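Here is the structure we will look at, set down as C-alpha coordinates.
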Amino acid sequence: MPVSRTRKPKQKPREPARPEARGRRSALRRLTAALIAAFLVCVLAVGGLSALSGGGDGGADGEGDGSVQPLPSDHPALDVARRDADDPLALGEADAPVVMIEYVDFQDAFSGIHARETHDALVAEYVESGEVRIEFRNYPINGPESDSAARAAWAAGQQGRFWEFYAAALAEEFHQGSGRFDEEGARALAEEAGVADVERFAADMESDEAFDAIQRDADEGFDLGVTSTPSFMINGQAIEGARPVDEFRELLDQLIESAP
(Lines of atoms letter the chains of each structure in order from A and count residues from 1; the text may use other names and numbers.)
(Lines give C-alpha, C1' and ligand atoms only; values in the text may rest on other atoms or scores of the structure.)
Protein backbone atom coordinates (compact mmCIF):
# COMPACT_ATOMS: atom_id res chain seq x y z
CA MET A 1 0.00 0.00 0.00
CA PRO A 2 1.29 3.50 -0.74
CA VAL A 3 1.99 5.83 2.13
CA SER A 4 -0.04 8.98 2.44
CA ARG A 5 2.72 11.40 1.50
CA THR A 6 5.40 11.91 -1.11
CA ARG A 7 9.00 11.87 0.05
CA LYS A 8 11.95 13.86 -1.31
CA PRO A 9 13.19 12.94 -4.81
CA LYS A 10 16.19 10.60 -4.94
CA GLN A 11 17.78 12.23 -7.98
CA LYS A 12 19.03 15.76 -8.30
CA PRO A 13 16.66 17.81 -10.50
CA ARG A 14 17.90 19.32 -13.73
CA GLU A 15 18.79 22.96 -14.15
CA PRO A 16 15.82 25.08 -15.26
CA ALA A 17 15.71 25.72 -18.99
CA ARG A 18 15.04 29.42 -18.47
CA PRO A 19 18.19 31.23 -19.74
CA GLU A 20 17.92 34.26 -17.50
CA ALA A 21 17.73 31.99 -14.47
CA ARG A 22 21.29 30.70 -15.00
CA GLY A 23 23.65 31.59 -12.21
CA ARG A 24 20.92 31.49 -9.58
CA ARG A 25 19.62 28.46 -7.77
CA SER A 26 16.12 27.45 -8.65
CA ALA A 27 13.65 26.51 -5.96
CA LEU A 28 13.87 22.96 -7.24
CA ARG A 29 17.66 22.70 -6.76
CA ARG A 30 17.53 24.39 -3.38
CA LEU A 31 14.80 22.03 -2.29
CA THR A 32 16.82 18.92 -3.13
CA ALA A 33 19.68 19.96 -0.87
CA ALA A 34 17.27 21.32 1.71
CA LEU A 35 15.29 18.12 1.93
CA ILE A 36 18.41 16.02 2.44
CA ALA A 37 19.61 18.30 5.22
CA ALA A 38 16.17 18.51 6.79
CA PHE A 39 15.80 14.74 6.77
CA LEU A 40 19.08 14.31 8.62
CA VAL A 41 18.12 16.97 11.14
CA CYS A 42 14.78 15.32 11.80
CA VAL A 43 16.43 11.93 12.29
CA LEU A 44 19.19 13.15 14.59
CA ALA A 45 17.49 15.88 16.60
CA VAL A 46 14.65 15.76 19.08
CA GLY A 47 11.93 18.34 18.68
CA GLY A 48 11.95 18.53 14.89
CA LEU A 49 8.92 18.30 12.67
CA SER A 50 6.24 16.24 14.45
CA ALA A 51 3.97 14.28 12.15
CA LEU A 52 0.50 12.91 12.45
CA SER A 53 1.01 9.32 11.23
CA GLY A 54 4.53 9.39 9.96
CA GLY A 55 4.04 6.86 7.18
CA GLY A 56 0.59 5.40 7.64
CA ASP A 57 -0.99 3.42 4.81
CA GLY A 58 -3.63 4.78 2.52
CA GLY A 59 -4.83 8.22 1.60
CA ALA A 60 -7.32 10.55 3.18
CA ASP A 61 -9.68 7.67 3.91
CA GLY A 62 -7.10 5.80 5.97
CA GLU A 63 -6.91 5.68 9.72
CA GLY A 64 -4.25 7.67 11.55
CA ASP A 65 -1.68 5.76 13.60
CA GLY A 66 0.06 8.61 15.38
CA SER A 67 -0.63 11.68 17.46
CA VAL A 68 -0.10 15.37 16.96
CA GLN A 69 2.67 16.80 19.11
CA PRO A 70 3.31 20.49 19.86
CA LEU A 71 6.53 21.88 18.45
CA PRO A 72 9.19 23.35 20.77
CA SER A 73 8.52 26.93 21.83
CA ASP A 74 11.49 28.19 19.78
CA HIS A 75 10.65 26.23 16.61
CA PRO A 76 10.43 28.46 13.50
CA ALA A 77 7.07 26.93 12.55
CA LEU A 78 5.48 28.98 15.30
CA ASP A 79 6.23 32.22 13.47
CA VAL A 80 5.71 31.57 9.75
CA ALA A 81 2.07 32.62 9.31
CA ARG A 82 2.16 35.67 7.03
CA ARG A 83 -1.37 36.93 7.74
CA ASP A 84 -1.27 39.17 4.67
CA ALA A 85 -4.84 40.25 3.95
CA ASP A 86 -3.95 40.74 0.27
CA ASP A 87 -2.31 37.33 -0.21
CA PRO A 88 -4.02 35.68 -3.23
CA LEU A 89 -2.70 32.29 -2.09
CA ALA A 90 -4.63 32.40 1.19
CA LEU A 91 -8.22 31.86 2.30
CA GLY A 92 -9.88 33.32 5.37
CA GLU A 93 -9.53 36.26 7.69
CA ALA A 94 -6.01 37.53 8.34
CA ASP A 95 -6.75 37.65 12.07
CA ALA A 96 -8.33 34.20 12.33
CA PRO A 97 -7.38 32.48 15.60
CA VAL A 98 -5.98 29.45 13.76
CA VAL A 99 -3.73 29.48 10.68
CA MET A 100 -3.15 26.30 8.68
CA ILE A 101 -0.13 26.53 6.38
CA GLU A 102 -0.23 23.98 3.57
CA TYR A 103 2.92 22.84 1.69
CA VAL A 104 2.01 21.25 -1.64
CA ASP A 105 3.58 19.85 -4.79
CA PHE A 106 1.08 19.92 -7.66
CA GLN A 107 2.53 16.68 -9.09
CA ASP A 108 2.15 14.85 -5.78
CA ALA A 109 -0.65 12.27 -5.76
CA PHE A 110 -1.30 12.73 -2.04
CA SER A 111 -1.52 16.50 -2.34
CA GLY A 112 -4.24 15.77 -4.88
CA ILE A 113 -6.03 13.46 -2.47
CA HIS A 114 -6.07 16.19 0.17
CA ALA A 115 -7.37 18.74 -2.34
CA ARG A 116 -10.18 16.49 -3.53
CA GLU A 117 -11.25 14.83 -0.28
CA THR A 118 -10.46 17.21 2.56
CA HIS A 119 -9.82 20.81 1.48
CA ASP A 120 -13.37 21.84 0.59
CA ALA A 121 -14.81 20.45 3.82
CA LEU A 122 -12.31 22.40 5.91
CA VAL A 123 -13.06 25.60 4.01
CA ALA A 124 -16.82 25.20 4.43
CA GLU A 125 -16.65 24.29 8.12
CA TYR A 126 -13.81 26.45 9.43
CA VAL A 127 -12.65 29.10 6.97
CA GLU A 128 -16.07 30.49 6.11
CA SER A 129 -16.87 30.80 9.82
CA GLY A 130 -13.77 32.97 10.34
CA GLU A 131 -12.15 30.49 12.72
CA VAL A 132 -9.38 29.23 10.43
CA ARG A 133 -7.18 30.77 7.76
CA ILE A 134 -5.42 28.63 5.14
CA GLU A 135 -2.13 29.87 3.69
CA PHE A 136 -0.71 27.98 0.73
CA ARG A 137 2.99 27.38 0.09
CA ASN A 138 4.42 26.00 -3.14
CA TYR A 139 6.84 23.16 -2.39
CA PRO A 140 7.87 21.58 -5.73
CA ILE A 141 9.91 18.40 -5.13
CA ASN A 142 9.01 16.12 -8.05
CA GLY A 143 10.95 17.43 -11.01
CA PRO A 144 10.82 20.27 -13.54
CA GLU A 145 7.05 20.12 -14.07
CA SER A 146 6.53 20.59 -10.34
CA ASP A 147 8.52 23.80 -10.56
CA SER A 148 6.53 24.89 -13.61
CA ALA A 149 3.26 24.06 -11.86
CA ALA A 150 4.24 26.13 -8.85
CA ARG A 151 4.95 29.17 -11.02
CA ALA A 152 1.72 28.64 -12.95
CA ALA A 153 -0.28 28.55 -9.72
CA TRP A 154 1.42 31.72 -8.52
CA ALA A 155 0.71 33.40 -11.88
CA ALA A 156 -2.97 32.46 -11.66
CA GLY A 157 -3.01 34.07 -8.24
CA GLN A 158 -1.88 37.38 -9.71
CA GLN A 159 -5.26 37.52 -11.43
CA GLY A 160 -7.21 36.33 -8.41
CA ARG A 161 -7.68 32.76 -9.64
CA PHE A 162 -5.22 30.80 -7.54
CA TRP A 163 -7.73 28.59 -5.73
CA GLU A 164 -9.59 27.91 -8.97
CA PHE A 165 -6.26 26.84 -10.49
CA TYR A 166 -5.56 24.70 -7.40
CA ALA A 167 -8.88 22.90 -7.86
CA ALA A 168 -8.42 22.41 -11.60
CA ALA A 169 -4.83 21.23 -11.32
CA LEU A 170 -5.60 18.65 -8.63
CA ALA A 171 -9.04 17.60 -9.83
CA GLU A 172 -7.87 14.19 -11.03
CA GLU A 173 -4.97 11.77 -10.78
CA PHE A 174 -2.27 11.92 -13.45
CA HIS A 175 1.26 10.68 -14.06
CA GLN A 176 4.19 12.87 -13.08
CA GLY A 177 6.00 14.39 -16.05
CA SER A 178 2.99 13.80 -18.31
CA GLY A 179 3.01 17.33 -19.72
CA ARG A 180 0.11 18.49 -17.56
CA PHE A 181 2.14 21.49 -16.41
CA ASP A 182 4.22 22.24 -19.49
CA GLU A 183 3.53 25.52 -21.31
CA GLU A 184 0.51 24.20 -23.18
CA GLY A 185 -0.86 22.31 -20.20
CA ALA A 186 -0.46 25.26 -17.86
CA ARG A 187 -2.31 27.54 -20.27
CA ALA A 188 -5.16 25.04 -20.54
CA LEU A 189 -5.46 24.84 -16.76
CA ALA A 190 -5.37 28.64 -16.51
CA GLU A 191 -8.26 28.88 -18.95
CA GLU A 192 -10.18 26.21 -17.03
CA ALA A 193 -9.57 28.19 -13.84
CA GLY A 194 -11.02 31.33 -15.39
CA VAL A 195 -7.79 33.32 -15.72
CA ALA A 196 -8.86 36.31 -17.82
CA ASP A 197 -5.58 37.27 -19.49
CA VAL A 198 -3.71 34.12 -20.48
CA GLU A 199 -0.90 36.06 -22.17
CA ARG A 200 -0.24 37.96 -18.95
CA PHE A 201 -0.44 34.64 -17.11
CA ALA A 202 2.28 33.17 -19.34
CA ALA A 203 4.49 36.22 -18.81
CA ASP A 204 3.94 36.15 -15.05
CA MET A 205 4.95 32.48 -14.99
CA GLU A 206 8.39 33.36 -16.36
CA SER A 207 8.88 36.52 -14.32
CA ASP A 208 11.53 37.03 -11.68
CA GLU A 209 8.70 37.63 -9.22
CA ALA A 210 7.39 34.10 -9.79
CA PHE A 211 10.80 32.52 -9.28
CA ASP A 212 11.38 34.63 -6.17
CA ALA A 213 7.99 33.70 -4.69
CA ILE A 214 8.65 29.99 -5.14
CA GLN A 215 12.12 30.43 -3.68
CA ARG A 216 10.66 32.14 -0.62
CA ASP A 217 8.30 29.23 0.00
CA ALA A 218 11.13 26.74 -0.57
CA ASP A 219 13.40 28.52 1.89
CA GLU A 220 10.64 28.57 4.48
CA GLY A 221 10.05 24.85 4.09
CA PHE A 222 13.78 24.21 4.38
CA ASP A 223 13.97 26.18 7.61
CA LEU A 224 11.08 24.14 9.02
CA GLY A 225 12.47 20.77 7.96
CA VAL A 226 9.58 19.85 5.66
CA THR A 227 10.54 16.59 3.91
CA SER A 228 7.33 15.51 2.19
CA THR A 229 4.08 16.74 0.69
CA PRO A 230 1.47 17.52 1.66
CA SER A 231 2.63 18.90 5.00
CA PHE A 232 0.76 21.26 7.30
CA MET A 233 1.73 23.65 10.09
CA ILE A 234 -1.26 24.56 12.26
CA ASN A 235 -0.66 26.95 15.17
CA GLY A 236 2.51 25.16 16.21
CA GLN A 237 1.29 21.66 15.38
CA ALA A 238 2.69 19.66 12.46
CA ILE A 239 0.88 17.13 10.28
CA GLU A 240 2.30 15.14 7.38
CA GLY A 241 0.32 13.42 4.68
CA ALA A 242 -3.17 13.30 3.24
CA ARG A 243 -4.95 12.62 6.52
CA PRO A 244 -8.68 11.95 7.01
CA VAL A 245 -10.78 15.07 7.44
CA ASP A 246 -11.83 13.99 10.93
CA GLU A 247 -8.22 14.16 12.11
CA PHE A 248 -8.03 17.76 10.94
CA ARG A 249 -11.36 18.50 12.61
CA GLU A 250 -10.17 17.09 15.92
CA LEU A 251 -7.03 19.23 15.92
CA LEU A 252 -8.73 22.39 14.64
CA ASP A 253 -11.49 22.13 17.25
CA GLN A 254 -8.87 21.84 19.99
CA LEU A 255 -6.90 24.81 18.71
CA ILE A 256 -9.97 26.99 18.26
CA GLU A 257 -11.13 26.20 21.79
CA SER A 258 -7.73 27.03 23.27
CA ALA A 259 -7.10 30.16 21.17
CA PRO A 260 -6.96 33.45 23.13
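The sequence shown maps to residues 44 to 303 in my numbering.
All residues carry an ideal CB built from backbone N, CA and C; glycine is no exception.
Source: prediction; values computed, not measured.
Around the beta carbon of H162, 16 or more other beta carbons lie within 10 angstroms, which makes this residue buried.
Taking C-alpha positions only, G200 is separated from D190 by approximately 16 Å.
For Y209, the enclosing alpha helix (DSSP H) begins and ends at F205 to A212. Per DSSP, E226 is one residue of the alpha helix (DSSP H) stretching across E226 to E235. DSSP lists no bridge partner for Q201. For S301, no beta strand (DSSP E) run applies; the uninterrupted alpha helix (DSSP H) run containing it begins and ends at V288 to S301, by DSSP. Distance between A128 and A137, taken at the CA atoms: about 5 Å. Where R243 is concerned, the enclosing alpha helix (DSSP H) starts and stops at V241 to M248.
With contacts defined as CB atoms closer than 8 Å, R180 and G284 fail to qualify as a contacting pair.
Using a C-beta cut-off of 8 Å, the stretch 261 to 279 makes contact with the stretch 140 to 147, since at least three inter-stretch Cβ pairs fall below that distance.
Setting aside the 5 residues that flank it on each side, A158 is surrounded in the same chain by L213, each with a C-beta closer than 6 Å to its C-beta; the list follows chain order.
By the neighbour-count definition (other C-beta atoms within 10 Å, threshold 16), S221 is an exposed residue. Beta-carbon to beta-carbon, A236 and A256 are separated by about 18 Å, too far to satisfy the 8 Å threshold. Runs of the alpha helix (DSSP H) lying entirely within the stretch 123 to 188, each at least 4 residues long, are 152 to 157 in chain order.
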